[in-house]
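**Student:**
Number of protein chains: 2
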Amino acid sequence: MDKRNEAYMAAQVAKIDQQLMALIRVTPRTKRQAQVIEAMRYSLEAGGKRIRPLLVLEFCRMCGGEETQAMSAACALEMVHTFSLIHDDLPEMDNDDYRRGRPACHKQFGHAVALQAGDALLTAAFEVVLHDPLLSPQTQVALLRILADVTGAAGMIGGQIMDMDYETRNDVTLEALEAMVSAKTGALIRGACMMGCTAAHAPESTIALAGQYGEKLGMAFQIVDDILDVTSSSDVLGKPVGSDAEEGKTTFVTRMGLESARAQATVLTQAAEKIVQQFASHDFLLELTRELLVREK
Amino acid sequence: MDKRNEAYMAAQVAKIDQQLMALIRVTPRTKRQAQVIEAMRYSLEAGGKRIRPLLVLEFCRMCGGEETQAMSAACALEMVHTFSLIHDDLPEMDNDDYRRGRPACHKQFGHAVALQAGDALLTAAFEVVLHDPLLSPQTQVALLRILADVTGAAGMIGGQIMDMDYETRNDVTLEALEAMVSAKTGALIRGACMMGCTAAHAPESTIALAGQYGEKLGMAFQIVDDILDVTSSSDVLGKPVGSDAEEGKTTFVTRMGLESARAQATVLTQAAEKIVQQFASHDFLLELTRELLVREK
Chain C
58 MDKRNEAYMA
68 AQVAKIDQQL
78 MALIRVTPRT
88 KRQAQVIEAM
98 RYSLEAGGKR
108 IRPLLVLEFC
118 RMCGGEETQA
128 MSAACALEMV
138 HTFSLIHDDL
148 PEMDNDDYRR
158 GRPACHKQFG
168 HAVALQAGDA
178 LLTAAFEVVL
188 HDPLLSPQTQ
198 VALLRILADV
208 TGAAGMIGGQ
218 IMDMDYETRN
228 DVTLEALEAM
238 VSAKTGALIR
248 GACMMGCTAA
258 HAPESTIALA
268 GQYGEKLGMA
278 FQIVDDILDV
288 TSSSDVLGKP
298 VGSDAEEGKT
308 TFVTRMGLES
318 ARAQATVLTQ
328 AAEKIVQQFA
338 SHDFLLELTR
348 ELLVREK
Chain H
58 MDKRNEAYMA
68 AQVAKIDQQL
78 MALIRVTPRT
88 KRQAQVIEAM
98 RYSLEAGGKR
108 IRPLLVLEFC
118 RMCGGEETQA
128 MSAACALEMV
138 HTFSLIHDDL
148 PEMDNDDYRR
158 GRPACHKQFG
168 HAVALQAGDA
178 LLTAAFEVVL
188 HDPLLSPQTQ
198 VALLRILADV
208 TGAAGMIGGQ
218 IMDMDYETRN
228 DVTLEALEAM
238 VSAKTGALIR
248 GACMMGCTAA
258 HAPESTIALA
268 GQYGEKLGMA
278 FQIVDDILDV
288 TSSSDVLGKP
298 VGSDAEEGKT
308 TFVTRMGLES
318 ARAQATVLTQ
328 AAEKIVQQFA
338 SHDFLLELTR
348 ELLVREK
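Order-wise, the sequence lines are chains C and H.
Read in order, the letters of the first sequence are residues 58 to 354 in the working numbering.
Read in order, the letters of the second sequence are residues 58 to 354 in the working numbering.
1. Can you tell me whether H:P30 is helix, strand or coil according to DSSP?
2. Mind checking the segment 82 to 102 of chain H against chain C and listing, in chain order, the residues whose C-beta falls within less than 7 Å of any C-beta there?
3. Since H:E348 contacts H:V293 with CB under 8 Å, what's their CB separation in whole angstroms?
4. Just by C-beta distance, which residues in the segment 105 to 139 of chain C are closer than 7 Å to chain H?
5. Please check the pair C:V324 and C:A318, which I expect to be a contact at CB under 8 Å, by giving their CB distance rounded to whole angstroms.
6. Is the segment 176 to 188 of chain H in contact with the segment 127 to 139 of chain H, if contact means three or more CB pairs nearer than 8 Å?
7. What do you reckon, are the CB atoms on H:R98 and C:M221 nearer than 7 Å?
8. Could you list which residues in chain H have their beta carbon closer than 7 Å to that of C:F183, in chain order?
9. In chain order, which continuous runs of the alpha helix (DSSP H) of length 4 or greater are located wholly inside the segment 241 to 271 of chain C?
10. Between which two residues does the alpha helix (DSSP H) holding H:A335 run?
11. Would you kindly report the start and end of the unbroken alpha helix (DSSP H) that includes H:C117?
12. Could you please give the first and the last residue of the uninterrupted alpha helix (DSSP H) stretch that includes H:L147?
13. In whole angstroms, what separates the C-alpha of C:A169 from that of H:G243?
14. So which of H:S291, H:P194, H:T225 and H:A233 has the shortest CA-CA distance to H:H258?
15. When we look at the beta-carbon of H:S291 and count the other beta-carbons within 10 Å, is it buried (16 or more) or exposed?
16. Express the C-alpha separation of C:V198 and H:A199 in angstroms, rounding to a whole number.
17. Rounded to whole angstroms, what is the Cα-Cα separation between H:V281 and H:T263?
18. Along the alpha helix (DSSP H) that carries C:N62, what are the first and last residues, could you check?
19. Evaluate H:S338 with the Cβ neighbour count: other Cβ atoms within 10 Å of its Cβ, from every protein chain shown; 16 or more gives buried, anything less gives exposed.
20. Measure the CB-CB distance between H:L112 and H:T139 and report whether it falls below 7 Å.
21. Mind checking if C:H258 is an interface residue toward chain H, Cβ cutoff 7 Å exclusive?
22. Measure from the C-beta of H:M213 to each C-beta in chain C and report whether the shortest distance is under 7 Å.
23. Any C-beta of chain H within less than 9 Å: which residues of the segment 271 to 289 of chain C qualify?
24. So if I threshold CB-CB distances at 9 Å, which residues from the segment 66 to 82 of chain C count as touching chain H?
25. Any beta carbon from chain C within less than 7 Å of H:G22's own beta carbon?
26. Should C:R107 and C:I73 be called a contact, given that it needs their Cβ atoms to be closer than 7 Å?
27. Which residues does DSSP pair with H:Y155 in a beta bridge?
28. Taking C:V238 as the reference, give the member of C:L274, C:G158, C:R226 and C:D206 with the closest Cα.
29. Report all residues from its chain with a CB closer than 6 Å to the CB of C:M251; omit the five preceding and five following residues, and keep chain order.
30. By Cβ distance, which residues of its chain are closer than 6 Å to C:C254, with the 5 residues on each side in sequence left out?
31. Looking at the structure shown, is C:E235 part of a helix, part of a strand, or coil, going by DSSP?
32. Applying a beta-carbon distance threshold of less than 9 Å, which residues of chain C neighbour H:L147?
33. By the three-class DSSP mapping on this structure, what secondary structure does H:R319 have?
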């Protein structure tokens with residue numbers, strides 16, 4: 058990424074981080090409540106790439122909107138994403154002890170606190186948009202419809218459910234794998250792009266176009282994730298490599314082979330690039346799209 | 058309860074039950090997704106008294122609104138209530154195997170499915186109000202602000218967190234116990250009354266009055282629950298009696314003694330009755346309020 062875009066991205070991520078912390082402001086009344094709020098912050102702070110909130114802000118900006126119009130939607134999406142990671146890491150789900158190189162939320166704070174921190178983050182996601190004084194009720198409802206749709210049983214949560222169905226099976230078809238990823242990973246990324254346009258009051262056709270970009274990017278993102286699981290090192294990833302294969306999980310790599318998976322990620326990224334070029338001042342997002350294909354973690 | 062009110066209540070509950078089932082309509086794509094949807098329905102169907110949705114419908118009606126205006130809000134509140142029961146029964150929380158005389162959701166469907174059914178119900182609660190074609194965006198936002206506030210870290214979830222803090226302590230003051238109950242049990246009941254008025258476009262002062270009624274009713278409701286835990290039988294309650302005392306939990310009964318708890322529940326119920334009498338056509342709700350004080354389960 059060129060220096061200017063890199064600095065821009067760092068500045069955007071810093072703004073998102075700051076806003077996320079500012080929005081979690083319940084005054085704790087008991088020791089345990091303080092712990093849950095600390096757990097919410099701990100998981101939000103763990104960072105990651107902040108791709109989803111960045112997409113919200115970028116699509117709003119590219120549609121001619123002000124960044125401030127999109128900030129609560131950006132934070133809401135990151136809260137939903139973080140809630141999903143917390144619950145996904147729990148023993149009854151993926152049972153992961155580490156997340157982004159740090160102990161998972163339930164390892165750090167215990168299972169009950171992690172469960173409740175997830176529940177509270179999901180609720181807070183809706184809350185921040187509902188209490189954003191810069192948004193009209195029309196825009197709040199339009200944003201939250203997208204948020205609820207991409208989060209719920211037909212979106213991300215539905216995808217997590219399908220994922221668990223497939224986890225112990227090696228006979229999952231490519232079509233079924235794509236449907237699962239489209240829901241589990243794709244839905245929130247698609248939602249981010251659409252919510253950014255919605256915050257800027259873009260027309261339906263633009264929102265739909267952004268959704269198509271998100272669909273392609275989300276799929277490419279997951280394929281690259283699957284590739285990194287077999288080609289990267291634990292030090293770089295911040296989590297064990299080869300864990301998918303060990304668990305006998307179907308991934309794009311086990312299904313297509315490494316080379317075909319790489320080719321497929323490239324094709325999807327190029328399709329996403331074509332879409333993004335239809336938007337005004339797309340320089341940063343175009344470079345980010347390419348960067349995500351060649352990322353090392 | 059007199060025959061007419063009894064028949065009216067049964068009819069209202071039947072309408073709520075029917076609408077709740079109609080609203081869960083994700084077409085399952087995998088066996089596991091079908092299970093999660095079945096788990097959502099299983100827990101919603103388990104019934105209970107449907108007090109919260111009844112309160113939404115009643116306050117809307119008493120404020121001169123149409124029942125149809127309040128139906129999605131009523132269902133949303135029952136979904137949030139059901140989500141909270143599912144997660145509360147999980148081993149990391151209260152670890153209850155039975156709920157309303159049937160196996161708890163996680164005993165019936167497994168822990169992962171129960172976790173996800175809860176998450177999906179919480180999301181669906183927002184979704185049903187956001188997609189209700191009878192409501193204006195203004196009303197949707199006003200309803201969901203109340204819903205998010207009474208559900209989140211400062212409301213019900215915050216109350217559950219405080220409850221776990223207090224569970225193993227017998228030095229909890231009456232004041233702290235009241236604050237916990239006001240959040241854990243009171244918040245959704247208060248929210249129900251306020252959402253009913255909001256659906257009918259009642260003025261702020263009326264919404265606040267309904268909130269005060271809900272506060273008193275919620276507190277009385279929990280005190281009666283605590284009394285029944287020591288005076289009822291497992292057959293009647295559908296769950297083990299004496300479980301609070303066994304766990305060394307602080308309740309209104311352990312804190313105040315049985316007689317003072319009874320007196321306190323009566324005082325609160327009378328205060329709630331006084332408020333409800335300020336609303337038009339309050340006959341049914343007045344009787345329901347009295348009935349909840351003398352209920353046997």
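Backbone N, C-alpha and C define an ideal beta-carbon position, used for all residues, glycine too.
**Tutor:** Reading it off the structure:
1. This structure leaves residue 30 of chain H out entirely; chain H is present only between 58 and 354.
2. For chain C, the residues of the segment 82 to 102 of chain H that bring a beta carbon within less than 7 Å of one of its beta carbons are V83, R86, T87, K88, R89, Q90, V93 and I94, in chain order.
3. That pair is no contact at about 16 Å.
4. Flagged: no residues at all.
5. Contact flag wrong, Cβ pair sits at about 11 Å.
6. Taking a contact to require three or more Cβ pairs closer than 8 Å, the segment 176 to 188 of chain H and the segment 127 to 139 of chain H qualify as touching.
7. With contacts defined by Cβ atoms closer than 7 Å, H:R98 and C:M221 do not form a contacting pair.
8. Residues of chain H passing the Cβ test: F183, L201 and A205.
9. 244 to 256, all fully within the segment 241 to 271 of chain C.
10. Ala is not the amino acid found at residue 335 of chain H; the sequence shown has Gln there. That residue, H:Q335, is in no alpha helix (DSSP H); it is neither H nor E in DSSP.
11. Segment I108 to M119, the alpha helix (DSSP H) holding H:C117.
12. Element bounds for H:L147: n/a, residue is neither H nor E.
13. Each residue's alpha carbon lies about 22 Å from the other.
14. Relative to the Cα of H:H258, the nearest Cα in the group H:S291, H:P194, H:T225 and H:A233 belongs to H:P194.
15. The residue in question, H:S291, is exposed, as its Cβ has fewer than 16 Cβ neighbours within 10 Å.
16. About 11 Å.
17. Roughly 27 Å separates the two Cα atoms.
18. That run of the alpha helix (DSSP H) goes K60 to L80.
19. Exposed: under 16 other Cβ atoms inside 10 Å.
20. The Cβ atoms of H:L112 and H:T139 do not sit closer than 7 Å to each other.
21. Chain H, which has no Cβ nearer than 7 Å to the Cβ of C:H258, makes this no.
22. Output row for H:M213: interface = no.
23. Considering only beta carbons, no part of the segment 271 to 289 of chain C lies closer than 9 Å to chain H.
24. Under the 9 Å Cβ criterion, the segment 66 to 82 of chain C contributes I81.
25. Lying outside 58 to 354, the shown extent of chain H, residue 22 of chain H is not represented and no answer is given.
26. Note that the C-beta distance between C:R107 and C:I73 is below 7 Å.
27. Checking the DSSP bridge columns, you'll see H:Y155 partnered with H:P160.
28. Per the Cα distances, C:L274.
29. Exclusion of the five residues before and after C:M251 leaves I203, I264, A267 and G268 as the residues of its chain whose Cβ lies within less than 6 Å of its Cβ.
30. Closer than 6 Å at the Cβ level, and outside the excluded window around C:C254, lie F116, C120, T263, I264 and A267.
31. Looking at C:E235 - three-state DSSP - the assignment turns out to be helix.
32. Within chain C, the residues near H:L147 are E149, H168, A169 and L172.
33. H:R319 falls in the helix class under three-state DSSP.
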